[in-house]
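Colleague: Note that my numbering numbers the sequence shown so that position 39 is 247, with each residue one more than the last.
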Amino acid sequence: MTAATALLGEAPARIANVGVPGFADVPRTAGAEVAALDWRPPAGGEPELAWRLAELTGHAVVEAANREAVSRLLAVRPVWTDVLPAREALPALDERVSGRRLLLHAGPPIGWAEMCGPMRAGVVGAALLE
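1) What number of angstroms, rounded off, separates the C-alpha of Ala329 from the C-alpha of Val284?
2) Helix, strand or coil: how does DSSP classify Ala278 here?
3) Is the CB-CB distance between Arg236 and Val228 below 7 Å?
4) Look at the alpha carbon of Asp302 and the alpha carbon of Val331, and state the distance between them as a whole number of angstroms.
5) With DSSP as the reference, identify every bridge partner of Leu245, one or two as the case may be.
6) Can you give the Cα-Cα distance for Glu322 and Pro316, rounded to whole angstroms?
7) In the DSSP assignment, find the alpha helix (DSSP H) that holds Gly252 and state where it starts and stops.
8) Taking DSSP as the reference, what is the three-state secondary structure of Glu271?
Here it is, written out as structure tokens:
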């Protein structure tokens, strides 16, 4: 039995990965079924066009879809099956298994040289205090 199976039960986890393809690797390695959705920010990042899209939020069709989405989110009934250290649930976090150290953050994979100052400070703080 894998750590993911121990955590989630016998049925394989079903995950939708939106955007960055690399985020799907660890769950897929742990045995999850991952559906990759190729999503990009609306309007190709063009602020004026993005604003026009944002103005559609009052549209009846959009509002109905949002109500349905919220309804589905609220109808979910999670089941707590176990508590495990992260390295047991996700083998990629265990240096002894993966052969490397991994620090997770809120964003896509990024090298130290590309990180801004506040992000570097957060990484250093996490490494020292977590």
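Positions of the beta carbon are idealized from the N, C-alpha and C atoms, including for glycine.
Modeller: Checking against the coordinates, here is how it stands:
1) Looking at the two C-alpha atoms, the distance is approximately 37 Å.
2) Per the sequence presented here, residue 278 reads as Val, with Ala not at that position. Note: Val278 maps to helix in three-state DSSP.
3) no
4) 18 Å
5) Val226
6) 12 Å
7) Here Gly252 belongs to no alpha helix (DSSP H), and DSSP marks it neither H nor E.
8) helix
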